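For reference, the structure is listed below as C-alpha cells.
Residue numbers (this note's numbering): 40 to 312.
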C-alpha cells in the first residue's frame, strides 16, 4: 500500500492535483480480481471521508487482519484508476488490515467513473456504516462535498442522500461556504481546508476562546452535561423516549434544531438547490 508520493496535505490542492492527473492520465490497464498490496495508493485527503475514533479503528483493523489470516481475504477493496495509479476509494481499513496481516495480494473491485463519482461512491459506502458514522462525521463528509468546485459540486439533495445529513443542514453549510468565499474573502482552497466546525467559527468571525467559538461551545456543552448528570444520573433505557419528549415540551425549538443536526435520512421534501 502506498500513499501517493509528494502528495499535498491540503484537501484543495489534493483535489486539484487529482483532477489534473485524471484529465491528463494514461489509459486504464487491465487487471484481474487481485492486485499486489504495494501497487495500491491512497489519497486520504480526498477519499478518506471519515475519521473514526482511533481506538475503534485499531480494533477494527486488528479484527479484519485476524479474518484475513484465517480465511485469506475479506470483502474486496474498491479501487480506481486515477490516470496514473490504482487508488483506494473505499476500504482503507481493509487495506491497512492486509498490510498488518502480512499479505502480498489484495482482493479488489475496479470502479469506473470521474473523481466526483468516486468521491460520491466513497461517501455512500461509508454511510453504510462499517464503523458507526456519527453526526459529526456525516456533517464533515457533507462539508467536503459542499466545498467542491461549483462545476462538479453535487446538488443539495444528492449531498444529503450520500451522507445521511438532513438537507436543511446541507443548506446551512452552503450558506456558510458562500459567506466565507464572498463576504469574508476566503479563497475556495482555504475554505476546502477548513473542517466544518472551523468554517462555522470563521464565518461568525470568532476566535476559539470567544463566546460562540469551539472552546467556548465545548465548555458550555460540558457544563450542560454536568448539570443533566447531576439531576438525572444515568438515564435508564426505559426513560430515554420520555426524556426526549420532556426536552421537546420544555423548548419546542429543540425538535426543529435536532432534525437539522441529527437527521439520519435526507429531508427529501425540501427544495433542492
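Ideal Cβ placement from N, Cα and C applies to all residues, glycine included.
Keep in mind the model is a prediction, meaning the values are calculated, not measured.
Among the candidates the options, whose CA atom is the shortest distance from the CA of residue i?
{"i": "residue 202", "options": "275, 160, 257", "result": "160"}
{"i": "residue 215", "options": "242, 285, 158, 111", "result": "242"}
{"i": "residue 110", "options": "130, 137, 98, 129", "result": "137"}
{"i": "residue 211", "options": "51, 200, 238", "result": "238"}
{"i": "residue 115", "options": "282, 148, 190", "result": "148"}
{"i": "residue 134", "options": "151, 273, 79, 277", "result": "79"}
{"i": "residue 54", "options": "163, 204, 255, 188", "result": "188"}
{"i": "residue 69", "options": "276, 258, 151, 98", "result": "151"}
{"i": "residue 257", "options": "165, 163, 244, 240", "result": "240"}
Between the beta-carbon of residue i and the beta-carbon of residue j, is there less than 7 Å?
{"i": "residue 181", "j": "residue 209", "result": "yes"}
{"i": "residue 157", "j": "residue 119", "result": "yes"}
{"i": "residue 154", "j": "residue 225", "result": "no"}
{"i": "residue 100", "j": "residue 132", "result": "yes"}
{"i": "residue 231", "j": "residue 51", "result": "yes"}
{"i": "residue 117", "j": "residue 128", "result": "yes"}
{"i": "residue 143", "j": "residue 219", "result": "no"}
{"i": "residue 105", "j": "residue 113", "result": "no"}
{"i": "residue 173", "j": "residue 123", "result": "no"}
Which of helix, strand or coil does DSSP assign to residue i?
{"i": "residue 114", "result": "coil"}
{"i": "residue 153", "result": "coil"}
{"i": "residue 197", "result": "helix"}
{"i": "residue 49", "result": "coil"}
{"i": "residue 63", "result": "coil"}
{"i": "residue 129", "result": "strand"}
{"i": "residue 148", "result": "strand"}
{"i": "residue 283", "result": "helix"}
{"i": "residue 74", "result": "strand"}
{"i": "residue 97", "result": "helix"}
{"i": "residue 82", "result": "coil"}
{"i": "residue 56", "result": "helix"}
Please work out which residues of its chain come closer than 7 Å, Cβ to Cβ, to residue i, disregarding the five sequence neighbours upstream and downstream, and give them in chain order.
{"i": "residue 108", "result": "140"}
{"i": "residue 286", "result": "293"}
{"i": "residue 58", "result": "154"}
{"i": "residue 103", "result": "113, 132, 133, 136"}
{"i": "residue 67", "result": "120"}
So, for residue i: in the same chain, excluding its five sequence neighbours on each side, which residues have a beta-carbon less than 6 Å away from its beta-carbon?
{"i": "residue 74", "result": "145, 147"}
{"i": "residue 177", "result": "202, 203, 204"}
Given residue i, which residues of its chain have a CB within under 8 Å of its CB, disregarding the five upstream and five downstream residues?
{"i": "residue 185", "result": "192, 198, 209, 212, 213, 216"}
{"i": "residue 86", "result": "126, 127, 128, 129, 131, 157, 158, 161"}
{"i": "residue 49", "result": "84, 228, 231, 232"}
{"i": "residue 72", "result": "115, 146, 147, 148"}
{"i": "residue 274", "result": "282"}
{"i": "residue 234", "result": "179, 182"}
May I ask whether a heavy atom of the ligand SAH can be found less than 6 Å away from the beta carbon of residue i?
{"i": "residue 264", "result": "For the structure depicted, the ligand SAH is absent and the ligand set is empty, with no information on it obtainable."}
Entirely enclosed alpha helix (DSSP H) segments - the stretch 203 to 274, minimum 4 residues: 206 to 217, 227 to 231, 235 to 243, 253 to 271
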